[in-house]
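Residue numbers (this note's numbering), protein chains in the order written: chain F, 5 to 239; chain D, 5 to 239. Glycine included, each C-beta is placed from N, C-alpha and C at the ideal position. These numbers were taken from a predicted model, which means no experiment stands behind them. Input: a single structure, listed below in structure tokens.
Below, the structure is given as structure tokens:
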């Protein structure tokens with residue numbers, strides 16, 4: 005990743021092309037690539053078309069460059085995905101760890117984390133298994149979160165386990181936001197108690213996103229209450 | 005799905021071909037397809053090659069039939085995936101709901117659920133959004149689980165939310181079982197507290213699957229403790 009730009013968004017409308025000024029006269033108009041442009045177009049492609057359709061060839065085409073030009077910047081699809089993960093993780097808010105008690109900060113972080121991945125659900129299975137070592141934004145996030153838990157008295161190992169457990173719930177909950185509103189629509193003949201319970205859920209919470217939020221809120225409250233009890237008992 | 009076989013595994017070695025007896029003399033040796041054979045080969049293909057490589061054309065090839073023959077049985081890729089989901093969900097053990105208190109049964113179910121999906125992690129994003137209405141095995145599972153919670157005093161809507169919350173944790177945890185052992189290997193320079201915490205985690209729990217289990221155990225205990233507290237307070 006040496007030399008790759010980590011600048012934040014300063015892009016032109018066309019993402020990969022320079023702004024048009026400052027280009028040396030007579031020089032061929034080769035698009036200027038950067039980690040930042042590659043990452044932004046990667047996320048756009050995956051959000052629009054899904055991870056299945058995402059290839060380096062498709063990415064090069066969208067960037068208006070050749071695949072070989074792309075390889076001059078990114079060593080592999082894995083590297084591009086690491087950049088994408090890092091860019092998403094950099095949007096997750098860890099600010100509350102500086103001011104709130106660990107459990108409230110962890111809950112706030114989990115909400116921000118779910119929001120970040122709800123937009124890129126096709127990437128979740130990929131993101132969940134990417135090493136964090138070459139991703140400075142992800143690393144900074146883990147350092148902040150784990151340091152807050154250790155500061156609050158958690159042992160290092162249990163702090164990491166707690167973070168992974170919350171992340172697992174967050175990834176699954178982000179996937180649930182993509183579920184169709186009718187996912188549990190069933191006939192009373194086939195499953196009477198379940199059908200009645202689903203109807204009760206819709207009466208209380210509405211349909212679609214609201215039901216996903218209700219399940220997330222219940223689960224997050226429960227998970228945090230349980231972690232708080234574990235911590236209080238001297239984890 | 006009318007007329008599709010729901011028989012359990014009674015397959016020949018070749019999955020899709022009949023056993024060789026009972027075929028009318030002189031009749032061309034067209035392979036005999038069934039929902040059960042299609043489902044088994046679907047799961048095998050996805051486990052081996054990932055969901056990305058799974059197409060109806062690849063499935064037909066593996067079944068030694070034409071794509072049009074496949075379409076005589078399955079209306080769409082969506083239908084094939086529903087069969088796959090139903091087959092996986094049918095392996096999840098709901099037995100404990102008949103004998104154990106709701107919280108212990110829910111924990112046992114979550115463990116069985118995670119095990120079932122840890123083998124097919126490429127399918128998790130697909131499975132998490134598939135409607136359950138045409139999947140009798142999935143429906144029977146939800147009916148059993150929700151009925152046990154309602155019987156224990158949960159309201160219908162909150163019972164469904166609790167089940168979705170546990171499922172979200174299960175899906176994320178199943179994805180975590182696929183994470184490489186070195187996912188959190190980082191230098192102390194880059195993230196000193198996090199690196200030390202990860203080292204402590206490895207000292208306590210080993211590496212790889214053992215760390216995924218430790219995070220799952222902690223999270224499941226916490227989630228259940230929190231749901232128990234919520235239930236006790238009159239949910």
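When the Cα atoms are used, what is the spatial distance from residue 212 (chain F) to residue 221 (chain F)?
-> 15 Å
Chain F contacts made by the segment 116-136 of chain D, where a contact means CB separation under 7 Å | 125, 126, 128, 129, 132, 133, 135, 136
Does residue 79 (chain F) have its Cβ less than 8 Å from a Cβ in chain C?
-> The question asks about chain C, but that chain is absent: this structure's protein chains are F and D.
What's the gap between the Cα of residue 113 (chain D) and the Cα of residue 110 (chain F)?
-> 27 Å
Evaluate residue 193 (chain F) with the Cβ neighbour count: other Cβ atoms within 10 Å of its Cβ, from every protein chain shown; 16 or more gives buried, anything less gives exposed.
-> exposed
Below 6 Å CB to CB, which residues in the same chain sit around residue 28 (chain F) once its five sequence neighbours on both sides are set aside?
-> With a pLDDT of 48 at residue 28 (chain F), under the threshold of 50, the modelled position of that residue is not reliable, and the figure given next carries that caveat. None.
Work out the CA separation of residue 152 (chain F) and residue 134 (chain D) for me, nearest whole Å.
-> 38 Å
If you draw a straight line from the alpha carbon of residue 161 (chain F) to that of residue 184 (chain D), how long is it in whole angstroms?
-> 17 Å
Drop a sphere of 10 angstroms on the beta-carbon of residue 177 (chain D), count the other beta-carbons inside from all chains shown, and report buried for 16 or more, exposed for fewer.
-> buried
Would you call residue 59 (chain F) buried or exposed, if buried means 16 or more other Cβ atoms sit within 10 Å of its Cβ?
-> exposed
Compare the beta carbon distance of residue 43 (chain D) and residue 88 (chain D) with 8 Å and say whether it is the shorter of the two.
-> yes
Proximity below 8 Å, CB of residue 227 (chain D) to CB of residue 223 (chain F) | yes
Which stretch, first to last residue, makes up the alpha helix (DSSP H) that contains residue 50 (chain F)?
-> 39-53
Does DSSP put residue 32 (chain F) in a helix, a strand or coil?
-> Confidence is the limiting factor: at residue 32 (chain F) the pLDDT is only 48, short of 50, which leaves the residue's position unreliable, though a coordinate-based value still follows. Of the three classes helix, strand and coil, the one that applies to residue 32 (chain F) here is coil, per DSSP.
Ordered along the chain, which non-local residues of its own chain (more than five positions away) have a Cβ less than 8 Å from that of residue 158 (chain F)?
-> 106, 166, 235, 239
Cβ-based burial, residue 125 (chain F) [other Cβ within 10 Å; buried from 16] = buried
Could you check where the alpha helix (DSSP H) with residue 211 (chain F) kicks off and where it finishes?
-> Where residue 211 (chain F) is concerned, there is no enclosing alpha helix (DSSP H), given that its DSSP letter is neither H nor E.
From the beta carbon of residue 165 (chain F), is the nearest beta carbon of chain D less than 8 Å away?
-> yes
CB contact flag (residue 84 (chain F), residue 51 (chain F), <8 Å) = no
Same chain, Cβ closer than 7 Å to residue 136 (chain D), neighbours up to 5 away in sequence not counted = 142, 143, 146
Residue 193 (chain D) (DSSP reduced to helix, strand or coil) | coil
Quick one: what does DSSP say residue 230 (chain D) is sitting in, helix, strand or coil?
-> helix
Near-chain F residues of the segment 205-216 of chain D (beta-carbon distance less than 9 Å), N- to C-terminal order = 205, 206, 207, 208, 209, 215, 216
Is the shortest distance between the beta-carbon of residue 84 (chain D) and the beta-carbons of chain F less than 8 Å?
-> no
Excluding sequence positions up to five away, which residues of its chain have a Cβ less than 7 Å from the Cβ of residue 209 (chain F)?
-> 215, 218
Does residue 168 (chain F) get closer than 8 Å to chain D when you measure Cβ to Cβ?
-> yes
Cβ of residue 231 (chain D) within 8 Å of any chain F Cβ = yes
From F:73, F:91, F:69, pick the residue whose C-alpha is nearest to that of residue 40 (chain F); which is it?
-> F:91
Among D:72, D:182, D:171, which residue has its Cα nearest to the Cα of residue 122 (chain D)?
-> D:182
Could you tell me which chain F residues have their CB closer than 7 Å to the CB of residue 146 (chain D), listed as they occur along the chain?
-> 195, 198
In three-state DSSP terms, what is residue 172 (chain D)?
-> helix
Can you give the beta carbon distance from residue 118 (chain D) to residue 174 (chain D), rounded, assuming they're within the 8 Å contact cut?
-> 5 Å
Quick one: residues in its chain with C-beta nearer than 6 Å to the C-beta of residue 131 (chain F), no 5 flanking neighbours on either side, listed in chain order?
-> 89
Where residue 2 (chain D) falls, given that 16 or more other Cβ within 10 Å makes a residue buried = Given that chain D is displayed from residue 5 to residue 239, the structure contains no residue 2 (chain D) and the question cannot be resolved.
Residues of its chain near residue 191 (chain D), where Cβ-Cβ distance is below 8 Å and the 5 sequence neighbours each way are ignored | 199
Just to confirm, are residue 251 (chain D) and residue 98 (chain D) a CB contact at a threshold of 8 Å?
-> Any property of residue 251 (chain D) remains undetermined from this structure, which presents chain D solely from 5 to 239.
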